Amino acid sequence: MQMTRTPSYIQIVGHIDQTTLNIQANDTGGEADPHGADHRGNPLGGVVYSSAFSKANTSGFVQVIEWNYFLGNGVFCFKACDPASPNAASLCEHVYDRIGCQYNMPADYKGINGVFQSCKGEDQLPVGVYEENGIRKVWKQPPESLGPITSVPYKPTIPLVSDCVTYTSSELFTETLPPAPTSVNPTAASVNKMSTPNTPSAQEAKNSGASLVPCLKRTIFFVLTMVTSYLVLAVGSAI
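Count the sequence shown with the UniProt record's numbering and you get residues 1 to 239, in order.
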């Protein structure tokens, strides 16, 4: 799994054994987003809040207006765009629901298989936008009435990532979590319990303001919650 923070969004991508969620291995899945045909969510009720985009002097949660999530073909991807970004709508585009993670959220999916990684990154090009012979072009997804999509005229460009910190599964899944705080402000002792690996890059991340280990733990929990919610909403919509 790779979590990437860019100037305009946070992206989480990874591999998953979807058969453990009662999804067939060859199921290509689909997209969840806050829009849908009636603008009430796809499926209904999808709402995302995050503290990642709070203003400098606050730590509260704000609603993420533009986001999308895919699950299928053994991979998942989630992107939450900064509500303050002027590019939020184009970078969290929701109308390319038939071409999956590789186009909607380009990443080195083969390279991140089996690892837990946190990185900084550059913004991707909006989905469907590409360059050919120095000319910028836009590809539009055809309607389902025209049949399956057999080809796309471009390969997605994977944005550059940097300052990546890799963790082992034991660092994320075997650490004992501290007790719930009794006050809003955590104590120094409770923060120290959630220490990062003793490597230069991890130490720099810790000194920058927060440990990435609990952040990744919350991310994993969030992804599992999104997967479960997607299944519940999908089943509820079908009833």
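We put the CB at the ideal spot given by N, CA and C, even for glycine. Just so it is clear, the structure is predicted and the values come from calculations on it, not from any experiment.
- A contact between stretches requires three or more CB pairs, one per stretch, nearer than 8 Å, and the region 83 to 93 meets this requirement with the region 2 to 22.
- Note on A80: 16 or more other CB atoms within 10 angstroms of its CB, so buried under the neighbour-count rule.
- Close CB contacts of H15 within its chain, under the 7 Å cut and outside five residues either way in sequence, are with G74, V75, N113 (chain order).
- Under the three-state reduction of DSSP output, E132 falls in the strand class.
- Around the beta-carbon of F78, 16 or more other beta-carbon atoms lie within 10 Å, marking it buried.
- A buried status is given to D97, since no fewer than 16 other beta-carbon atoms sit within 10 Å of its beta-carbon.
- Setting aside the 5 residues that flank it on each side, T19 is surrounded in the same chain by A25, each with a C-beta closer than 8 Å to its C-beta; the list follows chain order.
- Boundaries for A84: no alpha helix (DSSP H) harbours it, and the DSSP string shows neither H nor E there.
- The criterion of a C-beta distance shorter than 8 Å is not satisfied by Q63 and P86.
- By the criterion of a C-beta distance shorter than 6 Å, P143 is surrounded by no residue of its chain, once the five residues flanking it on both sides are discounted.
- Scanning its chain for C-beta atoms nearer than 6 Å, with the 5 sequence neighbours on each side dropped, one finds around A52 the residues I10, in chain order.
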